[in-house]
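Counting from 1048, one number per residue, gives the positions in the sequence shown under my numbering.
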Amino acid sequence: MNQQPDTPDTQHISPSAEQAKRTGKFRTKPVSFVRRGNRLNPRRQKVWDELKDQYVLHLDRDEASTSVSPDVELDLAQVYGNTNPLIVEIGTGQGENLAAAAARHRDKNFLAVEVYTPGIAGLLVQVKAEQLENVRAIEANAPEVLAHTLPAGSVSELWIYFPDPWHKKKHHKRRMITAEFLDVVARALAPGGIVRLATDWSGYAEQMRAIFGADPRFQNVHAGERAGQDSPLTKVRAEGLEKEDPLPAADALDTEGGWAPRFEGRVLTNFESKAHRAGREIFDLTFRFAEQA
Ligand SMILES: C[S@@+](CC[C@H](N)C(=O)[O-])C[C@H]1O[C@@H](n2cnc3c(N)ncnc32)[C@H](O)[C@@H]1O
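Right under this line is the structure:
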């Protein structure tokens, strides 16, 4: 799930339509994912065949198979059959978290945005088992979905748990959460909307905190909390938990804090369990989208 090759997947790096014709590539910017095998096991294949037309939204594509046409905007009332609040999870993986939340909150609508087909099929297995009517999925590159597909101001909460960290310096440009990404987040969120993030990579956590913290459209709901000795960042730095040499106490101290408590609605996925077993620290962040910048 967290595959990070030394050589970025150039198939997904590239330009606009004209450039695409010239270069044979599709997007101007690197994407945050590597497409993995899309083969489904028999159980998932059966459920996929049965439910995909009902739950996986069929959208016109742009040049790449994981793109969405910029000309399509969803009619959410038609998609869900109601106007309940919408929670979007980007990078749902196997869908454990989204399915559990949708089962607990049947009065809210949930949208999974994921490029990994077996993961979406795994979500559909849970949708079937729990008879969830309030779930839909989009198989596409999430920033494009926020930029075009969702109506502006339509998302009440956006969750991004354990986005691919691209921890090598030369791959940082592939990280999803950048200052530019915040523009599409701001477009999609409703006024007062909430963004919940989690990662087990301290460097990415610091990047998230800095980028959102520098943007006046967002407010850190837990600003100043879990600072100093209570900060997971202090612990990672002081104990050298990410295979770096421990820093002297004074340098290790994270005086800024701003880390959220673990969101009680977040279930422990296989991915997060692995991080715990490896002794990694988890960083949670929560931001509120202001009505006006
Ligand atoms: C490290 S996994 C975490 C999965 C899950 N959130 C969890 O906590 O178990 C990251 C997921 O994000 C998906 N992903 C990465 N970039 C994406 C993008 N641009 N659009 C949609 N999904 C993406 C990957 O396919 C992968 O399933």
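Cβ coordinates follow ideal geometry from the N, Cα and C atoms, glycine included.
Problem set entry | Close Cβ partners of E1178 (< 7 angstroms) along its chain, the five nearest in sequence each way excluded | Here residue 1178 refers to the residue found at position 131 when the sequence shown is read from its first residue. Sequence check: residue 1178 is Gln here, not Glu. Closer than 7 angstroms at the Cβ level, and outside the excluded window around Q1178, lies no residue.
Exercise. If you run the structure through DSSP and keep just helix, strand and coil, what is D1154?
Worked result: Walking along the sequence shown from the start, residue 1154 turns up at place 107. Looking at D1154 - three-state DSSP - the assignment turns out to be coil, as it is neither helix nor strand.
For this session: Measuring alpha carbon to alpha carbon, tell me which of G1240, S1249, S1201 ends up nearest D1211.
Result: The sequence position of residue 1211 within the sequence shown is 164, counting from 1. D1211 has its Cα closest to that of S1249, out of G1240, S1249, S1201.
Exercise. Across which residues does DSSP place V1115 in a beta bridge pair?
Worked result: In the sequence shown, residue 1115 corresponds to position 68, counting from 1. In DSSP, V1115 forms no bridge with anything.
Problem set entry | E1286 - containing alpha helix (DSSP H), residue span | Within the sequence shown, numbered from 1, the residue matching residue 1286 stands at position 239. Here the alpha helix (DSSP H) through E1286 covers 1279 to 1286.
Exercise. So, helix, strand or coil for Q1141, using DSSP?
Worked result: Your numbering for residue 1141 matches position 94 in the sequence shown. Looking at Q1141 - three-state DSSP - the assignment turns out to be coil, as it is neither helix nor strand.
For this session: Would you mind reading off the limits of the beta strand (DSSP E) that contains D1331?
Result: Within the sequence shown, the letter at position 284 stands for residue 1331. D1331 -> beta strand (DSSP E) spans 1330 to 1336.
Problem set entry | Element boundaries [beta strand (DSSP E), containing P1089] | Taking the first residue of the sequence shown as position 1, residue 1089 is located at position 42. Looking at the DSSP string, P1089 is not in any beta strand (DSSP E); the run it does join, the alpha helix (DSSP H), is 1089 to 1102.
Exercise. What's the C-alpha gap between R1090 and K1175?
Worked result: Residue numbering aside, residue 1090 sits at position 43 when the sequence shown is read from its first letter. Residue numbering aside, residue 1175 sits at position 128 when the sequence shown is read from its first letter. Answer to the nearest angstrom: the Cα atoms are 12 angstroms apart.
Exercise. Going by DSSP, what residues sit across from E1136 in a beta bridge?
Worked result: Here residue 1136 is taken as the residue at index 89 of the sequence shown, counted from 1. Looking at the DSSP assignment, E1136 forms a beta bridge with A1159, W1206.
Problem set entry | Reduced DSSP category for K1217 - H, G, I as helix; E, B as strand; rest coil | Taking the first residue of the sequence shown as position 1, residue 1217 is located at position 170. K1217 falls in the helix class under three-state DSSP.
Exercise. Would the beta-carbon of M1223 be found less than 7 angstroms away from any heavy atom of ligand 1?
Worked result: Reading the sequence shown from its first residue, position 176 is the one you call residue 1223. Checking the Cβ of M1223 against ligand 1 gives yes.
For this session: Compare the C-alpha of L1280 against each of G1305, A1261, H1269 and name the closest.
Result: Reading the sequence shown from its first residue, position 233 is the one you call residue 1280. Checked all of G1305, A1261, H1269; the closest Cα to L1280 is G1305.
For this session: Check whether the region 1086 to 1101 touches the region 1152 to 1168, counting contact only when three or more Cβ pairs, one atom from each stretch, lie closer than 8 angstroms.
Result: yes
For this session: Could you tell me if E1097 is buried or exposed, where buried requires 16 or more neighbouring beta carbons within 10 angstroms of its beta carbon?
Result: Here residue 1097 refers to the residue found at position 50 when the sequence shown is read from its first residue. Label assigned to E1097: exposed.
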